[in-house]
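**Student:** Under the working numbering, the very last position in the sequence shown is 104; numbers go up by exactly one each time.
Quick one: this structure, given as structure tokens, is what I'll be asking you about.
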Amino acid sequence: MSESSLSFKTSWQSLAPDKFILLLKCLFIIQTLPESALEEAAEVLEEIFNFYANRSSQLNLPTVSTSNIKGKLKTTQLRPPIVLEP
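So, in structure tokens, the structure goes:
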């Protein structure tokens with residue numbers, strides 16, 4: 019790649035300092051990848067994004083209230099062994 023500069027805006031101030039360092043680490047790793055690895059990196063990052071996007075939407079699902087179930091435990095039963103014949 020040719021030597022050039024790129025700038026972008028991000029809401030880094032809303033990140034905790036340790037998370038901001040992780041963001042910088044990710045950007046540094048991507049920046050130092052060879053060109054041949056960029057397509058794969060983009061695909062993997064997209065998969066990670068989709069995983070967490072789907073996961074966060076599942077966290078908003080309605081919950082079912084829990085209830086107690088009363089029951090009695092019975093004694094264990096021994097079952098005859100399973101014999102498999104060829």
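Note that beta-carbon positions come from the ideal geometry of N, C-alpha and C, so glycine has one too.
Less than 9 Å between CB atoms is the rule here; does Leu51 satisfy it with respect to chain C?
**Tutor:** The structure shown contains no chain C; it holds only a single protein chain.
**Student:** Taking the Cβ atom as the reference point for each residue, do Leu33 and Leu41 lie within a distance shorter than 9 Å?
**Tutor:** In contact: Leu33 and Leu41 (Cβ atoms closer than 9 Å).
**Student:** Could you tell me the alpha carbon to alpha carbon distance between Gly89 and Pro98, rounded to whole angstroms?
**Tutor:** Cα to Cα, the separation comes out at about 27 Å.
**Student:** Leaving out the 5 sequence neighbours to the left and right, which residues in its chain are closer than 6 Å to Ser29 when beta-carbon positions are compared?
**Tutor:** Nothing listed; no residue qualifies.
**Student:** Consult DSSP for Asn68 and reduce its assignment to one of helix, strand or coil.
**Tutor:** Helix at Asn68.
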